[in-house]
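What the sequence shown shows, in mature numbering (1 follows the signal peptide of the UniProt record, and there is no 0), is residues -24 to -1, 1 to 514, in sequence order. Backbone N, C-alpha and C define an ideal beta-carbon position, used for all residues, glycine too. Please read the structure below before turning to the comments.
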Amino acid sequence: MAKAVSLHVICGILAALVVSLVKADDPYRYYTWTVTYGTRSPLGVPQQVILINDQFPGPRLEVVTNDNIILNLINKLDQPFLLTWNGIKQRKNSWQDGVLGTNCAIQPNSNYTYKFQTKDQIGSYTYFPSTLLHKAAGGFGGLNVYERPRIPIPFPNPDGDFTLLVGDWYKTNHKTLQQSLDSGISLPFPDGVLINGQAQNTFSGDQGKVYMFRISNVGLATSLNFRIQGHKLKLVEVEGSHTLQSIYDSLDVHVGQSVAMLVTLDQPPKDYYIVTSTRFTKRVLTAAAVLHYTNSHTPVSGPLPIGPTYQIHWSVKQARTFRWNLTASAARPNPQGSFHYGKIMPTKTILLANSASLINGKQRYSINRVSYINPDTPLKLADHFSIPGVFSVDAIQTLPSSGPTFIATSVMPASLHDFTEVVFQNNEKTIQSWHLDGYDFWVVGYGFGQWTPAKRRSYNLVDALTRHTAQVYPNSWTTILVSLDNQGMWNMRSAIWERQYLGQQFYLRVWNAVHNLANEYDLPTNVVLCGKAIGRHP
């Protein structure tokens, strides 16, 4: 009997240990965020901004891969509001994507609790408002996903970690900017550039130590270049990909993108300029911060370090040097290069051509002739409840065609586990930036002029980066390869806010007809119903 009792106790201890380990691996983190208006002076002039917990920018989320995030968002604005999690893959869970195609907006004086997991990813990401022109008022923040202790990273832990949210900014109220777009008038040139919501910042570190700088472009429209006076930038991570650790004097970061670099404070003890400035603009906007050595008694001095301005070939050449570190671990112990993407034959090619045109005398933007409009019912809910007439799967085609631009709520169907080649063809004179929710993808090629099948010979099929946002240079093309392994309704959009607001987006319906929780989670118990979904039984 004593042996049986002892065995029972031992089994109980082991069971408790297993539960403890499971909880240790997948902990829960709880947050309550309140969204309000407030007054700040980002460019020296008081203006209305969006605050989260009275912070501008919003609180930084610092989590560990596989953490479960339970975030209660309370909307105290006078408009409906949503946050989207830029770069978080939302495995099997487009219900939590935080865009109008998947979620009903959070109405004023109400709340919604997001529930998602930072599953199998490590890196530098952001969140921001997906509704109206709220992003022009703030509401954005950093989202850093760190490795679990058992997962090695390909560099020593830095002595400090700085998150820099950089982006263009308007002094004009976001509602006024929205009215301009609604009337068919493009946004004016931005008034300035901010670093962490301010025109001036100071970042301090000790001489001889190494610091991580995470740079995210949270602006509305403008590509930026980042540099630090007298210091080299060692690129180590791009949107969840560990890179070959190349050294740069400066780095381009396009709208919606994030990069992480190591900077060694190996210069004489003084203060140095940190600079970000606009790219591909006739008038260059610049913001400067200060890198302060803790043993410095000398303030910053001299001219700001010069960066590139309109040199497109320079930027393309730099982009081609960003390479995957094939021997580095990902969020799991297996190396990044263990998935040989270049040896897989694509099941489908999608060629997407963006364009700017007038519809009924108003400025619109389109993809393959279709300019997207949001319906009053989220597409995901319409799909779930089989509500007809909300979206069209026939409007947008997989290849460009001639003819007039038209308005539609466009959804492109795709099969779960398709391996797809997507070519972004930009025939305009402005740079583009494209984002796909719920996924990362391999950026395998950049080229000038028109894409043709012969261009595949120039693809990098060995060590191209995975990332979630890709730039397309003027009169050029960019190709990505994506494994459609995440079932759901996913937003493919321009990261340039005016363009997505006026139609340069659509949804990708990745589907398997067999209901299986291994493919996709069920409708959340706290789902908000709106539009034609009101009254439906969850």
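Buried or exposed by the 16-neighbour rule on C-beta atoms within 10 Å, applied to residue i
i, result
"residue 120", "buried"
"residue 386", "buried"
"residue 349", "exposed"
"residue 68", "buried"
"residue 15", "exposed"
"residue 407", "buried"
"residue 258", "exposed"
"residue 189", "buried"
"residue 356", "buried"
"residue 126", "exposed"
"residue 73", "buried"
"residue 233", "buried"
"residue 237", "buried"
"residue 17", "exposed"
"residue 26", "buried"
"residue 241", "buried"
"residue 368", "exposed"
"residue 13", "exposed"
"residue 490", "exposed"
"residue 338", "exposed"
Sequence-distant residues of the same chain with beta carbon closer than 8 Å to residue i, five excluded per side
i, result
"residue 499", "71, 360 and 514"
"residue 2", "42, 43, 44 and 93"
"residue 219", "211, 212, 213, 298, 299, 300, 301 and 441"
"residue 59", "49, 74, 90, 103, 104, 105, 106 and 115"
Nonlocal neighbours in the same chain, by C-beta distance under 6 Å from residue i, ignoring five residues either side
i, result
"residue 508", "353 and 363"
"residue 283", "201, 203, 226 and 253"
"residue 412", "468"
"residue 83", "56"
"residue 307", "41, 96, 97 and 98"
"residue 37", "119"
"residue 472", "197, 231 and 409"
"residue 510", "none"
For residue i, the residue or residues it bridges with in DSSP
i, result
"residue 470", "410"
"residue 457", "397 and 418"
"residue 332", "341"
"residue 91", "46"
"residue 211", "237"
"residue 263", "252"
"residue 127", "Paired residue(s): none; residue 127 is not in a bridge."
"residue 446", "410"
"residue 179", "267"
"residue 21", "Paired residue(s): none; residue 21 is not in a bridge."
"residue 311", "305"
"residue 382", "346"
"residue 390", "486"
"residue 96", "None, per the DSSP bridge assignment."
Three-state secondary structure assigned by DSSP to residue i
i, result
"residue 279", "coil"
"residue 377", "coil"
"residue 497", "coil"
"residue 491", "coil"
"residue 164", "coil"
"residue 353", "coil"
"residue 324", "strand"
"residue 347", "strand"
"residue 61", "strand"
"residue 434", "helix"
"residue 429", "helix"
"residue 36", "coil"
"residue 158", "helix"
"residue 67", "coil"
"residue 359", "helix"
"residue 505", "coil"
"residue 291", "helix"
"residue 318", "helix"
"residue 218", "strand"
Close-in-space but distant-in-sequence residues of the same chain around residue i (CB under 7 Å, 5 per side omitted)
i, result
"residue 147", "19, 21, 23 and 167"
"residue 304", "130, 218, 311 and 312"
heavy atom of the ligand FMN below 6 Å from residue i C-beta
i, result
"residue 206", "In terms of ligand content, the structure shown is empty, and the ligand FMN therefore cannot be addressed."
Is the segment 316 to 332 close to the segment 368 to 375, with three or more CB pairs under 8 Å?
yes
Is the segment 340 to 359 touching the segment 416 to 427 in the sense that three or more CB pairs, one from each, lie closer than 8 Å?
No, the segment 416 to 427 is not in contact with the segment 340 to 359.
Three or more C-beta pairs below 8 Å linking the segment 443 to 452 and the segment 312 to 324
no
Does the segment 59 to 66 come into contact with the segment 174 to 186, if we say contact requires no fewer than three beta-carbon pairs (one atom in each stretch) closer than 8 Å?
Contact fails: fewer than three Cβ-Cβ distances are below 8 Å.
Given 8 Å, three or more beta-carbon pairs between the segment 145 to 159 and the segment 446 to 466:
no
Using 8 Å as the cut-off, can you tell me whether the segment 154 to 162 makes contact with the segment 472 to 483, which would need three or more C-beta pairs spanning the two stretches below that distance?
yes
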